[in-house]
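J.:
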Amino acid sequence: MRIDVVTLFPELVETVSRCGVVGRAIGAGIASLHLWQLRDFATDRHRTVDDAPFGGGPGM
1383 MRIDVVTLFP ELVETVSRCG VVGRAIGAGI ASLHLWQLRD FATDRHRTVD
1433 DAPFGGGPGM
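The sequence shown: position 13 = 1395 (the numbering used here), numbered continuously.
#1: Using the C-alpha atoms, what's the distance from V1388 back to L1394?
#2: For the beta strand (DSSP E) containing T1425, list its first residue and its last residue.
#3: Kindly indicate which three-state DSSP category R1400 falls into: helix, strand or coil?
#4: Taking G1389 as part of the beta strand (DSSP E), name the residues at either end of that continuous run.
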């Protein structure tokens, strides 16, 4: 089983994946974990991944 995770914090996901059922499955070779840094897919020079507030108002 291949598990792909797109996240801003791949180090956090990697650390958590070493524990519990997922960690045992990866250790046994049943599953593989592939982490993707969301900022790698950003198109601007600052690698931003957020957007303007939805709805046009000032927000909360």
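By construction, the Cβ of each residue, glycine as well, lies at the ideal position given by its N, Cα and C atoms.
T.: The short version:
#1: 12 Å
#2: No beta strand (DSSP E) contains T1425, which DSSP labels as neither H nor E.
#3: coil
#4: One detail in the question is off: residue 1389 reads as Thr in this sequence, not Gly. Unbroken beta strand (DSSP E) run through T1389: R1384 to T1389.
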